[in-house]
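Residue numbers (my numbering): 2 to 184.
Even for Gly, the Cβ is constructed at its ideal location relative to N, Cα and C.
Written below as structure tokens is the structure these notes are about.
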Amino acid sequence: MIKMKRSKIPDFLKDNKKTWTDSFINGSTFTWHNKQKELLKLLKNMTSSHCAFCDDVLVPKGSDIGEIEHFRPKSKFKHLAFAWANLYPICRSCNGTKGVWFNKLLLRPDEKDFCFSDWFRIDPSTFELKPVKIGNPNWKRAEITIKLYGLNAKKTTRRQFEYDKIIINQYINKDHQPFRFMN
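Written as structure tokens, this is what we have:
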């Protein structure tokens, strides 16, 4: 999960939230009222165009690629369908895995004092996310978040790839350059 600092609610959402919510609660089909692209762009700006949950890049940056996550699913929490604090940028994989599931223990990337390393560690042998249990009496929150968003499904290969890039860059940037590059 990537730390997310939530920006101010956009005016179009603030101005229309009650009307749109009432309409949805009263049986209208859910719609973003032609504001999905604009809303997604604002959400992606808060995560540097990354999925708020798995940290994968929503490419190309600046595009309208990605999805909008209803942290509390709109099918079960209709009154929160347009609540700014309930919306996150998300990749298709995480969104499809979570679907309409919800657990009140799920971690939110915009929680006050959220820090990835307080909740998660990466197993160096499998590149799976694991909950930090030592010193964290609430570690079950991380475990539930990993499970509901599928943070280990289809993600370990990407983590290993990113890790390998870091290791290679560290080696390249050391003073141990091949002799042919030395004076």
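Backbone CA spacing between residue i and residue j [nearest angstrom]
i, j, result
"S50", "P110", "14 Å"
"K134", "K75", "32 Å"
"E70", "T22", "16 Å"
"K113", "Y164", "28 Å"
"N184", "N170", "Confidence at N184 is low in this model, with a pLDDT of 42, below 50, so its placement is unreliable and no value can be given for it."
"L41", "W33", "11 Å"
"K18", "A84", "7 Å"
"C52", "M2", "8 Å"
"P11", "A82", "15 Å"
"R159", "G136", "28 Å"
Reference residue i; option with closest CA among the options
i, options, result
"T146", "R122, T158, Q161 and L106", "L106"
"M47", "K4, W140 and K155", "K4"
"L130", "F115, C116 and A154", "A154"
"S8", "R122, K19, G28 and K45", "K45"
"K38", "Q161, F54 and F13", "F13"
"W140", "R122, K156, I167 and V60", "R122"
Contact under 7 Å by Cβ, residue i with residue j
i, j, result
"E68", "N96", "yes"
Range of the contiguous alpha helix (DSSP H) that encloses residue i
i, result
"F117", "F117 to W120"
"I135", "Premise fails: I135 is in no alpha helix (DSSP H) and is neither H nor E."
"E144", "K141 to Y150"
Span of the beta strand (DSSP E), counted from its first residue to its last, around residue i
i, result
"I91", "L88 to I91"
Three or more C-beta pairs under 8 Å: does that hold for the region 120-133 against the region 84-91? Between the region 120-133 and the region 84-91, the count of Cβ pairs shorter than 8 Å is below three; the stretches do not touch.
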